[in-house]
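Notes follow the structure.
Protein chains: 2
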Amino acid sequence: MLSLPPVLDHLDSNLDASLERLFALLRIPSISTDPAYAADCRRAGEWLVEDLRSIGFDASLRDTPGHPMVVAHHEGPSADSPHVLFYGHYDVQPVDPLELWTDGPFEPAIKEIEPGRKVITGRGSSDDKGQLMLFVEACRAYKKVNGQLPCRVTILFEGEEESGSPSLKPFLDANRDELKADFALVCDTGMWDGETPAITASLRGLVGEEITVRAANRDLHSGQYGGAAANPIRILAKILADVHDDTGRVTIPGFYDGVEETPSQILKSWETLGETAETMLGPIGLSELAGEKGRSAVELVWARPTAEFNGISGGYTGKGFKTVIAAEASAKVSFRLVHKQDPKKIRAAFRKFVEERIPADCSVSFHEHGGSPGIQLPYDAPFLSKAKAALSDEWPNPAIMTGGGGSIPVVGDFQTYLGMDSLLVGFALDDDRIHSPNEKYELTSFHKGQRSWARILDALAR
Amino acid sequence: MLSLPPVLDHLDSNLDASLERLFALLRIPSISTDPAYAADCRRAGEWLVEDLRSIGFDASLRDTPGHPMVVAHHEGPSADSPHVLFYGHYDVQPVDPLELWTDGPFEPAIKEIEPGRKVITGRGSSDDKGQLMLFVEACRAYKKVNGQLPCRVTILFEGEEESGSPSLKPFLDANRDELKADFALVCDTGMWDGETPAITASLRGLVGEEITVRAANRDLHSGQYGGAAANPIRILAKILADVHDDTGRVTIPGFYDGVEETPSQILKSWETLGETAETMLGPIGLSELAGEKGRSAVELVWARPTAEFNGISGGYTGKGFKTVIAAEASAKVSFRLVHKQDPKKIRAAFRKFVEERIPADCSVSFHEHGGSPGIQLPYDAPFLSKAKAALSDEWPNPAIMTGGGGSIPVVGDFQTYLGMDSLLVGFALDDDRIHSPNEKYELTSFHKGQRSWARILDALAR
């Protein structure tokens, strides 16, 4: 039987060496969105391939129309050992405005920001190089101590996550057999707080839709026609106002079909988190929950579907005033979906809802802006329980199950192309300043995160 | 007693000479909005001063910060004869796109566009040089035949009407005593059709208002906050949707205070005009009246107040989609007012209506975009009856009283600065293409319009 404790000891005694490896990767300015850094992106991929090969992975750099993918495989103790696909990304966000960085974004360092609290600074330290190296280090230590890994492991690191992942879907589609595993491990998330690890067990999906209401065949003078001719802004406002009732519930027929109530023990665990309307909304200058009445802030964002209006335009919107009745007005509308809501049905129901509110002499057109279902891990899945226990063993507080209000596209893509659930575990903190100057990663996250992944890999194999 | 018939005869026999004078004025490219034509504007004013002096007016060009005013006075038979102020404008719109003109815009000509139907072509032929010269010719003939004018006449021609009349208010304010008359004659309107003269007896006023609803202190990610945080587009849509009830009536408390029903004989006269929802809305691609139910198309536009939404914007309005909850959203709203509605009270009532619909943690700000009351001539005023009879004597069909859906600023200004009502009479037709290429004026309008003004002047003195 493989043994975990010496793996954890090995990680403890080799922390400095693991930091040196992370720093080497952080020094490579792999900004994916700027073509000037294309060679650096490739260099970061090559560095990872070399490092994974040194552990014993069968690793290779795989070209795409954009930046290359890193794919690596390692066998497990046997052919029927659990098989996981670990996903991360080696590309980083741009660093502007450079003058706001205390240190160079690609000159990583350790800083003690308060007594006893050290952080790793640099672009990518948290998003996502620091997070992905945790898993690499866990594998390295496990292999070193036990001569093998507890599971079959496939690794996929992409280099375009920060620029929309244009190559990911085609790559998954073209390499289904090679990349398919029992489930995916996705490391792009955070902890609840510095002492409480989290597993993201649900993510909301999205239906994006643009509607354009057309009335007269040209813009009209509001003196000449006001009171007689249809005004598309008035029609649009009425449609949007009808979408919610006075309790904040969405009124579109069938909208809540398939929506399940969150289990009460999960709701109870969320109540203990201390997140309230005040803590969630206070920092953004608000105080009142705007969604369905009678539900907590956390539940509204993690577990309830919504309708949001993301943009609206029509008529004269410049400076001053113009007495015009516009020929058309449009709105961008999105729905956040939870598990079992069907994006296609939601879109169709919304379109019907809109069409029913268009006067006979006016018209409406629709433009689709993407759709993806919500993700919900079965709360009682064994791999979830095992990971939860492993994380709870490592950290001061037990791990909690959280939800994500937005989608993480790769999770949907793994579901679509590889038929796999994803276990979302990460050790970032809310104040890591990802995408901003002075990005950092807690040294504790880097250390205990390695130990956490070693524990999870070990637990999944038992 | 002064005699009208020989005046009409004189106008008939001197039509060619009057056309030559109009052509001379039309050849001056007095485009007020383009500084390159400033000298031409002045030249048009000087031409009018000279012409009025030749009739016997005490005429002068009066400088303003913009283009000069023409002011002219002529005594009447006695010091207590009726005193009218005739208003017109000698400036014209730009002529782009030049390539769409069949003839040069400043090379006036007579064209026979169908057998027996001749028109005068050229920029300003209808708006407003042709219309103002009718009155000048009527005065010239009356003076020539009778040796005097039947009324005291003051003339005001401005040169900035097509560029917003920036100098008009200050000029009226500074010259109240000189310009004050019993009432004004304003010639900037049209006939009902080629055989039916019209007097515009009412004009709707306007309250313009911009509202901006603010929610969070920054734009939010709709995944992270959707369902919990207030969405200003949703709040704004609800406010706008609440402004009208299902019957098209405005719901703002007090909105209809002071609104009087149109006298039934006026409504009946409008019914005979043949203007219906079909004839009004068909040409703009619509068919259903959108205003208060149970009222005709004509009544809705001429005699009923409205609320219109002239512009709306908020969130992401570019191409594609952005999952944002905006920090703010705004709308430009206007109210068309009828006589006795108080613009200040309407604005205040609307602001209260909006504020009552703003959640406690959100805010709204207002920006005023002008306000003017509606205008309503007393249907039983003697000057109105006299003018109506005079017009009915001249044309195949009796004159009708119409309303104007929009405001004509000068009418409000005369009311405000000089305390005068305005009699709105003009002989333009809807198809005169004012402001567009190939502007024209019916030769019949030019001929019978001169005779009409002679009749009106004569009638007003009796």
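Protein chains in written order, with my numbering: chain A, 78 to 539; chain B, 78 to 539.
Quick reminder that beta carbons are idealized off the backbone N, C-alpha and C, glycines included.
These numbers were taken from a predicted model, which means no experiment stands behind them.
Is B/A307 near the ligand FMN, in the sense that its beta carbon is under 7 Å from a heavy atom of that ligand?
This structure does not include the ligand FMN; it has no bound ligands of any sort.
Extract the residue ranges of the alpha helix (DSSP H) inside the stretch 92-167 of chain B, only unbroken runs of 4 or more that lie entirely within it.
92-103 and 115-132
In this structure, how does DSSP classify A/D270 when only helix, strand and coil are distinguished?
strand
Spatial neighbours of B/H321 in its chain, beta-carbon cut-off 8 Å, leaving aside the 5 residues before and after:
V327, T328 and A384
Per-residue contacts from A/I402 into chain B (C-beta, under 9 Å)
E385, F386 and N387
Is the shortest distance between the beta-carbon of B/L350 and the beta-carbons of chain A less than 8 Å?
no
When you compare the CB positions of A/Q225 and A/F504, do they come within less than 8 Å of one another, or not?
no
B/S390 versus chain A: which residues are under 7 Å apart at the beta carbon?
I389, S390 and T394
Considering only their Cβ atoms, is the gap separating B/I232 from B/L88 smaller than 8 Å?
no
I need the boundaries of the beta strand (DSSP E) containing B/M478, first residue and last residue.
I477 to G481
Nearest chain A C-beta to B/H77 closer than 8 Å, yes or no?
The question about residue 77 of chain B has no answer, for chain B in this structure spans 78 to 539.
Rounded to whole angstroms, what is the Cα-Cα separation between B/I402 and A/A426?
23 Å
Excluding five sequence neighbours on each side, which residues of the same chain lie with their C-beta closer than 8 Å to the C-beta of B/C439?
Taken in chain order, the residues that qualify are V290, R291, A292, A307, P309 and I312.
Considering only residues of the same chain and omitting the five flanking positions on each side of B/L85, which have a CB-CB separation below 7 Å?
R528 and A531
With DSSP collapsed to three states, give me the class of A/T349.
In the displayed model, A/T349 falls within coil according to three-state DSSP, outside both helix and strand.
Going by the DSSP bridge assignment, what does B/H321 pair with across the sheet?
B/V327
Beta-carbon neighbours of A/F398, restricted to chain B and to distances below 8 Å
G285, E287, N387, K409, S411, H446 and G447
8 Å Cβ cut-off: residues of chain A touching B/E365:
A307, P436, A437 and D438
For a contact meaning CB atoms closer than 7 Å, what does A/G304 contact in chain B?
G368, L377, V378, R381, T383 and R413
In terms of DSSP beta bridges, what is A/R291 paired with?
Bridge partners of A/R291: A/E405 and A/S440.
Give the DSSP bridge partners of A/L74, in chain order.
There is simply no residue 74 of chain A to check, as chain A begins at 78 and stops at 539 in what is shown.
Could you tell me whether the Cβ of B/I310 comes closer than 8 Å to any Cβ of chain A?
yes
Residue burial classification, A/P112 (beta-carbon count within 10 angstroms, cutoff 16)
exposed
What residues in the stretch 209-225 of chain B have a beta carbon less than 9 Å from any beta carbon of chain A?
none
Length of the line joining the Cα atoms of B/G325 and B/G368:
5 Å
Specify, as a first and last residue, the run of the beta strand (DSSP E) that B/S531 falls within.
One point to set straight first is that residue 531 of chain B is Ala, not Ser, in the sequence displayed. Here B/A531 belongs to no beta strand (DSSP E); instead the alpha helix (DSSP H) covers L520 to L537.
In its own chain, which residues sit with a C-beta less than 7 Å from the C-beta of B/G391, not counting the 5 before and 5 after it?
P309, I310, L313, A403, E405, A406 and S407
DSSP state of A/E376, grouped into three classes?
helix
Would you kindly work out how many angstroms separate the C-alpha atoms of B/A215 and B/G241, rounded to a whole number?
29 Å
Answer with buried or exposed for B/T110, where buried requires no fewer than 16 other C-beta atoms within 10 angstroms of its C-beta.
exposed
Which partner residues of A/V284 appear in the DSSP bridge assignment?
Per DSSP, A/F412 and A/G448.
Just by C-beta distance, which residues in the stretch 490-521 of chain B are closer than 7 Å to chain A?
none
Determine the burial state of B/P473: buried for a count of at least 16 other Cβ atoms within 10 Å of its Cβ, exposed for fewer.
exposed
Residues near A/L256 by beta carbon distance below 7 Å, same chain, minus five either side
Contacts found: L162, T231, L233, L249 and L495.
Taking only the alpha-carbon atoms, compute the straight-line gap between B/L99 and B/A354 and give it to the nearest angstrom.
38 Å
Flag A/I361 as yes if its beta-carbon sits less than 8 Å from any beta-carbon of chain B, otherwise no.
At least one CB of chain B lies nearer than 8 Å to the CB of A/I361.
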